[in-house]
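Colleague:
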Amino acid sequence: MLTARVRSQRRPIAVVCAVVSLVSAPSLAQSASAAREAAESILKESEGVEGIFVSTNDGAIRHVQSGFVCPLTLTNADLIHLDAYPSKRGLGTDVSCDYAAGTGGDIETKLTVFVVKIDPKEPLESVFGRYRSEVLQTYPNAEFLGTGLRTKNQKGQIQTLDAPDLVRSVEYRIEWEGQPCVTGLAVSKSEEWALEIRLTYPFELKDMEGGTLGSAWATASTNLLVAQGRLPDKPKP
Numbered sequence: 002m003l004t005a006r007v008r009s010q011r012r013p014i015a016v017v018c019a020v021v022s023l024v025s026a027p028s029l030a031q032s033a034s035a036a037r038e039a040a041e042s043i044l045k046e047s048e049g050v051e052g053i054f055v056s057t058n059d060g061a062i063r064h065v066q067s068g069f070v071c072p073l074t075l076t077n078a079d080l081i082h083l084d085a086y087p088s089k090r091g092l093g094t095d096v097s098c099d100y101a102a103g104t105g106g107d108i109e110t111k112l113t114v115f116v117v118k119i120d121p122k123e124p125l126e127s128v129f130g131r132y133r134s135e136v137l138q139t140y141p142n143a144e145f146l147g148t149g150l151r152t153k154n155q156k157g158q159i160q161t162l163d164a165p166d167l168v169r170s171v172e173y174r175i176e177w178e179g180q181p182c183v184t185g186l187a188v189s190k191s192e193e194w195a196l197e198i199r200l201t202y203p204f205e206l207k208d209m210e211g212g213t214l215g216s217a218w219a220t221a222s223t224n225l226l227v228a229q230g231r232l233p234d235k236p237k238p
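Below is the structure:
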């Protein structure tokens with residue numbers, strides 16, 4: 002089993018502490034044409050996302066309404082699935098890009114990026130609190146590990162990003178099928194769109210995966226800002 006469902010059975014939460022088979026993630030370090038083929042394959046295999054996501058010329062997948070781009074790889078994890086959930090704001094306003102990483106065909110790390118349309122006036126603390134509550138409802142015995150988003154710098158060193166007005170995050174120790182795991186949550190917002198990043202991995206990989214959630218959030222938030230025209234697509238020379 003790769004996912005458990007919360008929010009009325011409509012939102013996948015990464016649960017990969019018990020190693021399971023990785024059957025559909027393609028090898029993505031390929032040419033542009035191969036990347037486009039991989040993107041088209043993921044779109045075809047993900048039910049209910051036609052017209053909500055589209056492939057790009059460079060082999061990524063774009064969410065039409067927000068412009069957010071799901072790359073085929075994110076923090077060394079491969080994109081394996083897309084989802085669109087029913088929402089009172091309309092179809093396509095609550096979506097996710099699902100990633101997995103592992104060795105020998107087995108998933109060890111699961112990463113999901115949710116892009117959700119919200120009231121732009123809703124405070125970040127409120128948005129974060131809603132998603133954090135879902136984690137605790139799913140795992141009522143979760144053990145608090147800490148807050149403060151850890152990222153890796155260019156030298157691979159772990160550093161903590163303390164910017165509560167920009168992004169809120171939390172990590173918990175959970176049990177899944179008798180196995181200890183770390184599950185992390187990072188939430189930010191930009192105009193009318195919220196980003197919710199979920200990362201789950203075996204507890205024994207805590208030191209190795211310490212900066213993965215922060216690195217995933219940094220890439221995802223940059224992608225959203227570029228889509229909104231708030232950052233340039235390419236740095237100026």
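Using this note's numbering, the letters of the sequence shown map in sequence onto residues 2 to 238. Backbone N, C-alpha and C fix where the C-beta goes; we use that ideal spot for every residue, glycine too. Treat the numbers as computed from the prediction; the structure is a model and nothing was measured.
Counting pairs of beta carbons, one from the segment 206–224 and one from the segment 110–130, are three or more of them closer than 8 Å?
Modeller: Enough Cβ pairs lie closer than 8 Å, so yes.
Colleague: Could you tell me which of 139, 144, 214 sits nearest to residue 169, measuring between CA atoms?
Modeller: Within the sequence shown, the letter at position 168 stands for residue 169. Minimum Cα distance to residue 169 is reached at 214.
Colleague: Closest to residue 221 by CA distance: which of 68, 176, 201, 134 is it?
Modeller: Indexing the sequence shown from 1 puts residue 221 at position 220. Minimum Cα distance to residue 221 is reached at 68.
Colleague: So, with DSSP's three-state summary, where would you put residue 69?
Modeller: Translated into positions along the sequence shown, residue 69 becomes position 68. It is coil, neither helix nor strand.
Colleague: Helix, strand or coil for residue 132, going by three-state DSSP, please let me know.
Modeller: Within the sequence shown, residue 132 is the residue found at index 131, counting from 1. Residue 132: helix per DSSP, three-state reduction.
Colleague: Can you tell me which residues form a DSSP beta bridge with residue 51?
Modeller: Reading the sequence shown from its first residue, position 50 is the one you call residue 51. For residue 51, which the question treats as bridged, DSSP gives the partners 54.
Colleague: Kindly indicate if chain D contains any beta-carbon less than 9 Å away from that of residue 202.
Modeller: You won't find chain D in this structure, because it holds only one protein chain.
Colleague: How many Å lie between residue 239 and residue 155 at the Cα?
Modeller: Limits of the chain in this structure are 2 at one end and 238 at the other, which puts residue 239 out of reach.
Colleague: From residue 12 to residue 86, what does the alpha carbon distance come to, in whole angstroms?
Modeller: Position 11 of the sequence shown, counted from the first residue, corresponds to residue 12. Position 85 of the sequence shown, counted from the first residue, corresponds to residue 86. With a pLDDT of 49 at residue 12, under the threshold of 50, the predicted position of this residue should be treated as unreliable, though the coordinate-derived value follows. So the two alpha carbons sit approximately 7 Å from each other.
Colleague: Thinking C-alpha only, which one of 63, 95, 94, 146 is nearest residue 80?
Modeller: For this step, residue 80 is matched to residue 79 along the sequence shown. Measuring from the Cα of residue 80, the nearest candidate turns out to be 63.
Colleague: Quick one: is residue 99 buried, meaning 16 or more other Cβ sit within 10 Å of its Cβ, or exposed?
Modeller: In the sequence shown, residue 99 corresponds to position 98, counting from 1. Answer is buried; the Cβ neighbour count reaches 16.
Colleague: Kindly give me the distance between the Cβ atoms of residue 187 and residue 150, rounded to whole angstroms, as I take these residues to be in contact under 8 Å.
Modeller: As a first step, residue 187 must be located in the sequence shown, where it is residue number 186. As a first step, residue 150 must be located in the sequence shown, where it is residue number 149. At roughly 6 Å, the Cβ-Cβ gap stays under 8 Å, so residue 187 and residue 150 are in contact.
Colleague: According to the neighbour-count rule (16 or more other Cβ atoms, all chains shown, within 10 Å of its Cβ), is residue 166 buried or exposed?
Modeller: Within the sequence shown, numbered from 1, the residue matching residue 166 stands at position 165. Residue 166 should be labelled exposed.
Colleague: Put residue 168 into one of helix, strand or coil per three-state DSSP.
Modeller: As a position in the sequence shown, residue 168 is number 167, starting the count at 1. Coil, per DSSP.
Colleague: Beta strand (DSSP E) containing residue 153: first to last residue?
Modeller: Walking along the sequence shown from the start, residue 153 turns up at place 152. Start and end: 150–153.
Colleague: State the Cα-Cα distance for the pair residue 202 and residue 180, rounded to the nearest angstrom.
Modeller: Taking the first residue of the sequence shown as position 1, residue 202 is located at position 201. Taking the first residue of the sequence shown as position 1, residue 180 is located at position 179. So the two alpha carbons sit approximately 10 Å from each other.
Colleague: Go to residue 190, then tell me how far its beta strand (DSSP E) extends in each direction, as first and last residue.
Modeller: Here residue 190 is taken as the residue at index 189 of the sequence shown, counted from 1. Unbroken beta strand (DSSP E) run through residue 190: 180–191.
Colleague: In the DSSP assignment, find the beta strand (DSSP E) that holds residue 197 and state where it starts and stops.
Modeller: For the purposes of this step, residue 197 is taken as residue 196 along the sequence shown, with counting starting at 1. It spans 194–203 - the beta strand (DSSP E) in which residue 197 sits, taken as one unbroken run.
Colleague: Give me the residue from 175, 57, 38, 103 with the minimum Cα distance to residue 136.
Modeller: For the purposes of this step, residue 136 is identified with residue 135 of the sequence shown, where counting begins at 1. Ranking 175, 57, 38, 103 by Cα distance to residue 136 puts 175 first.
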